[in-house]
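Engineer: Please see the structure below; I have some questions.
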Amino acid sequence: MLWPLLTAALLVPASGAALDLIAAARQQFEQIDSYRVTLRSSTAQRPTQIIRYAYRKPGFVRMEFIAPHPGALLIYSPHSGQVRLWPFGQRAFAALTLAPDHPLIRGPYGRSVDRSDAGALLRNVQALQAGGATELRGVETVGRWNARQVVVTGALGKTVDGVHRFQLWLAEGSLFPVKVASFGLDDEALETVLMDDVEVDVPFAADFFQP
Numbered sequence: 005m006l007w008p009l010l011t012a013a014l015l016v017p018a019s020g021a022a023l024d025l026i027a028a029a030r031q032q033f034e035q036i037d038s039y040r041v042t043l044r045s046s047t048a049q050r051p052t053q054i055i056r057y058a059y060r061k062p063g064f065v066r067m068e069f070i071a072p073h074p075g076a077l078l079i080y081s082p083h084s085g086q087v088r089l090w091p092f093g094q095r096a097f098a099a100l101t102l103a104p105d106h107p108l109i110r111g112p113y114g115r116s117v118d119r120s121d122a123g124a125l126l127r128n129v130q131a132l133q134a135g136g137a138t139e140l141r142g143v144e145t146v147g148r149w150n151a152r153q154v155v156v157t158g159a160l161g162k163t164v165d166g167v168h169r170f171q172l173w174l175a176e177g178s179l180f181p182v183k184v185a186s187f188g189l190d191d192e193a194l195e196t197v198l199m200d201d202v203e204v205d206v207p208f209a210a211d212f213f214q215p
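The opening residue of the sequence shown carries number 5 in our numbering; numbering runs sequentially from there.
Okay, here's the thing in C-alpha cells:
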C-alpha cells in the first residue's frame with residue numbers, strides 16, 4: 005500500500021487528489037456489513053460520554069450508555085424510521101418512541117441518530133473536502149492501532165454540520181476511523197471522539213437491533 009510509505013506531511017487540493025485516504029476509507033466502509041465500538045466523546049460543554057455503539061447495514065443502530073447515563077439503551081431501525089429509548093434500561097420502564105432527530109437524543113452539535121455511524125462521518129468529511137484541502141500526516145498510535153492522521157479543512161467560510169475542519173486518524177489497513185476531532189470556523193474545538201474496541205463484521209444475533 006502506498007500511503008504507509010509517506011513519511012512527510014503532504015498538502016493537496018481535495019479535488020483531483022492523486023491520493024485520497026478519505027475516499028479509500030469510505031470504499032472500505034462500504035465493504036463491511038456491521039461494526040461495534042466503544043465511543044468516548046468529549047466536548048468543552050459536557051462530561052465525557054461513553055457509549056457502546058453497534059451498527060448494521062442498512063442503518064440499524066444500538067447505543068448502550070455507560071456514562072453519564074449508565075444503563076440507558078437506544079435502538080434505531082431504518083425500517084420504522086424511529087428510535088426506541090429506555091432511559092433506565094431495556095424494558096425496565098416503558099420506552100419512549102422518538103424521531104431520530106429529536107432534541108433529547110441529538111448529538112452535541114446537532115448530529116442525529118440515523119447519521120451517527122462512521123459512514124456518515126466519512127460522507128461529511130468528503131463534503132468538506134470539496135474546494136478545501138486535505139493534509140496527510142504521519143502515523144501515530146491510537147489505542148492499539150497504528151493510524152494515519154488526515155486533516156481536512158473546508159474552503160473559506162464553509163462548514164458541514166457546523167464543522168470547518170476534521171482531524172481524523174484512520175487505522176492502517178482497514179482505514180476505519182479510530183479517532184476524530186472537529187473544529188468550527190473560528191478553530192474552536194467542538195468534539196473529540198475516540199473509538200475503542202473496534203470490531204468489524206460482527207455476527208449480531210437476529211434480535212440484537214429489535215426494540
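Ideal Cβ placement from N, Cα and C applies to all residues, glycine included.
In this text, all values refer to a predicted model and were calculated from it rather than measured experimentally.
Look at the Cβ atom of Q171, then the Cβ atom of A159, and state whether they are nearer than 8 Å.
Structural biologist: Within the sequence shown, residue 171 is the residue found at index 167, counting from 1. Within the sequence shown, residue 159 is the residue found at index 155, counting from 1. Contact flag unset, no.
Engineer: Classify A99 as helix, strand or coil using the three-state DSSP reduction.
Structural biologist: Taking the sequence shown and counting its residues from 1, the one referred to as residue 99 is at position 95. Coil.
Engineer: So what's Q31 in DSSP terms, helix, strand or just coil?
Structural biologist: Position 27 of the sequence shown, counted from the start, is the residue given in the question as residue 31. Of the three classes helix, strand and coil, the one that applies to Q31 here is helix, per DSSP.
Engineer: Might you give, ordered along the chain, the residues of its own chain that have their beta carbon closer than 7 Å to the beta carbon of F213, omitting 5 neighbours on each side?
Structural biologist: One-based indexing of the sequence shown puts residue 213 at position 209. Correct list, in chain order: R60, F64, R66, I79 and S81.
Engineer: Quick check: the Cα distance between T101 and P215, rounded to an integer number of angstroms?
Structural biologist: Taking the first residue of the sequence shown as 1, we reach residue 101 at position 97. Taking the first residue of the sequence shown as 1, we reach residue 215 at position 211. Cα to Cα, the separation comes out at about 10 Å.
Engineer: Using alpha carbons as the reference points, say which of G142, D190 and D200 lies closest to T163.
Structural biologist: The count along the sequence shown starts at 1 and reaches residue 163 at position 159. Per the Cα distances, D190.
Engineer: If we count the other Cβ atoms within 10 Å of its Cβ and call it buried at 16 or more, is R148 buried or exposed?
Structural biologist: Locating residue 148 in the sequence shown gives position 144, counting from the first residue. It counts as exposed.
Engineer: Could you please give me the residues that DSSP links to K183 through a beta bridge?
Structural biologist: The residue given as residue 183 occupies position 179 in the sequence shown. DSSP lists W173 and L198 as partners of K183.
Engineer: Which same chain residues end up closer than 7 Å to S178 when comparing Cβ atoms and leaving out the 5 residues on each side of it in sequence?
Structural biologist: The sequence position of residue 178 within the sequence shown is 174, counting from 1. Hits under 7 Å: Q32 and V204.
Engineer: Thinking C-alpha only, which one of A122, P91 and A124 is nearest I109?
Structural biologist: Position 105 of the sequence shown, counting from 1, holds the residue named residue 109. For the residues A122, P91 and A124, the minimum Cα distance to I109 belongs to P91.
Engineer: Taking the beta carbon of P104 as the centre, do at least 16 other beta carbons fall within 10 Å, making it buried, or is it exposed?
Structural biologist: The sequence position of residue 104 within the sequence shown is 100, counting from 1. A residue is called buried once 16 or more other Cβ atoms fall within 10 Å of its Cβ, and P104 is buried on that count.
Engineer: Of all the options V41, A28, R30 and R141, which has the alpha carbon lying nearest to the alpha carbon of V206?
Structural biologist: Against the sequence shown, residue 206 aligns to sequence position 202. Minimum Cα distance to V206 is reached at V41.
Engineer: Give the straight-line distance between the Cα atoms of A18 and G93, rounded to the nearest whole angstrom.
Structural biologist: Taking the sequence shown and counting its residues from 1, the one referred to as residue 18 is at position 14. Taking the sequence shown and counting its residues from 1, the one referred to as residue 93 is at position 89. With a pLDDT of only 41 at A18, under 50, the local geometry of the prediction cannot be trusted, and no value is derived from it.
Engineer: Closest to A76 by C-alpha separation, out of S84, I54 and L140, would be which residue?
Structural biologist: Walking along the sequence shown from the start, residue 76 turns up at place 72. Per the Cα distances, I54.
Engineer: Does I70 come out as helix, strand or coil in the three-state DSSP assignment?
Structural biologist: The residue given as residue 70 occupies position 66 in the sequence shown. The answer is strand: DSSP assigns I70 an E or B state.
Engineer: Starting from the C-beta of P155, find all residues in its chain whose C-beta is less than 6 Å away, skip the five residues before and the five after it, and write them out in chain order.
Structural biologist: Your numbering for residue 155 matches position 151 in the sequence shown. First, the residue type needs correcting, since residue 155 is Val and not Pro in the sequence shown. Contacts found: E139 and Q171.
Engineer: Kindly give me the distance between the Cβ atoms of Q130 and R30, rounded to whole angstroms, as I take these residues to be in contact under 8 Å.
Structural biologist: Counting from one through the sequence shown, the residue named residue 130 turns up at place 126. Counting from one through the sequence shown, the residue named residue 30 turns up at place 26. Right, the Cβ-Cβ distance comes to about 7 Å (below 8 Å), so this counts as a contact.
Engineer: Between which two residues does the beta strand (DSSP E) harbouring L43 extend?
Structural biologist: Residue numbering aside, residue 43 sits at position 39 when the sequence shown is read from its first letter. Where L43 is concerned, the enclosing beta strand (DSSP E) stretches over S38 to S46.
Engineer: Output the distance between the C-alpha atoms of G188 and A134, rounded to the nearest integer angstrom.
Structural biologist: Indexing the sequence shown from 1 puts residue 188 at position 184. Indexing the sequence shown from 1 puts residue 134 at position 130. C-alpha separation (whole angstroms): 17 Å.
Engineer: Rounded to whole angstroms, what is the Cα-Cα separation between A99 and D118?
Structural biologist: For the purposes of this step, residue 99 is identified with residue 95 of the sequence shown, where counting begins at 1. For the purposes of this step, residue 118 is identified with residue 114 of the sequence shown, where counting begins at 1. Cα-Cα distance, rounded: 18 Å.
Engineer: Look at A71 and T47 and say whether their C-beta atoms are less than 8 Å apart.
Structural biologist: Your numbering for residue 71 matches position 67 in the sequence shown. Your numbering for residue 47 matches position 43 in the sequence shown. Not in contact: A71 and T47 (Cβ atoms no closer than 8 Å).
Engineer: Any idea which residues DSSP pairs L77 with across the strands?
Structural biologist: Counting from 1 along the sequence shown, the entry for residue 77 is found at position 73. L77 pairs with E68 and W90.
Engineer: Helix, strand or coil for A122, going by three-state DSSP, please let me know.
Structural biologist: As a first step, residue 122 must be located in the sequence shown, where it is residue number 118. Here A122 carries a helix assignment [DSSP, helix/strand/coil].
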